[in-house]
Amino acid sequence: MSSTTSRTPEHVAIIMDGNGRWATKKGWPRLVGHRKGAERVKAIVRVAPDLGVKWLTIYAFSTENWKRSTEEVIGLMGLFGRYIQREAENMSREGVRMRFIGDRSRLDVKLQDMMRWIEERTKDNTHVNLTVAINYGGRNELTRAARALARQAVETGLDPDMIDDEAVSRVLDTFDIPDPDLVIRTSGETRVSNFLLWQAAYAEYEFTPVLWPDFTPEVFAEILGRYGARDRRFGGVGT
Ligand code: IPE
Ligand code: IPE
Ligand code: MG
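Everything in the sequence shown is counted per our numbering, starting at 119 for the first residue and increasing by one.
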């Protein structure tokens, strides 16, 4: 495939940014913004399949976010656990398959258990795939992948010359997830902040000034509409 004028992106990845600013502007604690942000996730997951989006990957906590106050970090972790608990029933009913990417080893063991539990519980769902990136960083993921391949070389005699793009993709957290077609970042920042560095090599990017707690299904639909007009060349010469 050298070029496609694309219709709907099958896989949309979102850097949900601006929760803190949204709350601060209203004179509320940052955590209120995160809570409202979680509400938005629910709404976006619900409309995604109707808009033709089969895969949704959202950035919830980066490997850099540990730099925040203990109060905010604990608050966010609590929110993740509660989201899993509260949404388990809905996700089962609505056919949502939930997965997580990122380095889980640093997370609270109870949260790790819940993550495994919901992944197992929703593994046969096929309506829409929701992947949540928690303690995720693209560099950390690639470093862990390099370790996994080095281990295979030492332990099972993997020939380094046999390592190709597919071999690397297979040891990433996203081994069973397609690459994103579109990456959206909210809140007006125009950086990638260590998100899906390998996987988004050929993704389209959309940056919107809308803060994540204000990101409605209507805003989502409008951005998807803009994507439809793009000419994706993948290194070819276009349509
Ligand atoms: C995004 O909102 C959510 C997380 C990073 C967890 P922020 O918390 O980064 O909000 P701002 O950027 O400070 O407004
Ligand atoms: C990126 O947002 C990470 C998440 C959305 C989870 P940040 O707010 O942490 O990114 P920077 O610090 O502005 O790069
Ligand atoms: Mg931010």
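Yeah, the Cβ is synthetic: ideal placement off N, Cα and C, and Gly gets one too.
Using a 10 Å radius around the Cβ and a threshold of 16 neighbouring Cβ atoms, would you call Met280 buried or exposed?
Classification of Met280: exposed, given that the 10 Å Cβ count is below 16.
So is the beta-carbon of Thr308 under 8 Å away from any non-hydrogen atom of ligand 5?
Absent from the structure shown: ligand 5. Ligands present: ligand 1, ligand 2 and ligand 3.
Straight-line Cα distance separating Ile162 from Phe338:
Looking at the two C-alpha atoms, the distance is approximately 8 Å.
In the segment 211-293, which residue ranges form an unbroken beta strand (DSSP E) of at least 3 residues, counting only runs that do not cross its ends?
214-219 and 246-254, all fully within the segment 211-293.
Check this for me: beta carbons of Thr175 and Pro298, under 9 Å apart or not?
Pairing Thr175 with Pro298 gives a Cβ-Cβ distance under 9 Å.
Whole-angstrom C-beta distance between Asp291 and Ile219, which should lie under 8 Å
Right, the Cβ-Cβ distance comes to about 4 Å (below 8 Å), so this counts as a contact.
Whose C-beta lies closer than 6 Å to the C-beta of Pro127 among residues of the same chain, with five residues either side of it excluded?
Only Asp299, Leu300 and Tyr345 meet the Cβ criterion.
Taking the straight line between their C-alpha atoms, what separation do you get for Leu315 and Met134?
Rounded to the nearest angstrom, the two C-alpha atoms are 16 Å apart.
Taking a cut-off of 5 Å, which residues have a beta-carbon closer than that to any heavy atom of ligand 1, in chain order?
Having a Cβ closer than 5 Å to some heavy atom of ligand 1 are Asp135, Gly136, Asn137, Gly138 and Arg139.
Using only the heavy atoms of ligand 2, determine whether one of them is closer than 8 Å to the beta carbon of Ala156.
Ala156 Cβ: outside cutoff for every heavy atom of ligand 2.
Using beta carbons (cut-off 9 Å, strictly below), is Asp332 in contact with chain D?
Within the model displayed, chain D is absent; a lone protein chain is all it includes.
Within the continuous beta strand (DSSP E) that includes Tyr177, where are the two ends?
Its beta strand (DSSP E) spans residues Trp173 to Ser180.
Give me the residue from Leu197, Ala271, Gly275 and Arg204 with the minimum Cα distance to Ile252.
Closest option to Ile252, judged by alpha-carbon separation, among Leu197, Ala271, Gly275 and Arg204: Leu197.
Going straight from the alpha carbon of Met119 to that of Phe352, what length do you get?
Its pLDDT being 44, under 50, Met119 is placed unreliably in this model, and the value from its coordinates should be taken loosely. Spanning the two alpha carbons is a distance of roughly 8 Å.
According to the Cβ coordinates, are Phe333 and Tyr254 closer than 9 Å?
In this structure, Tyr254 does not lie closer than 9 Å to Phe333 by Cβ.
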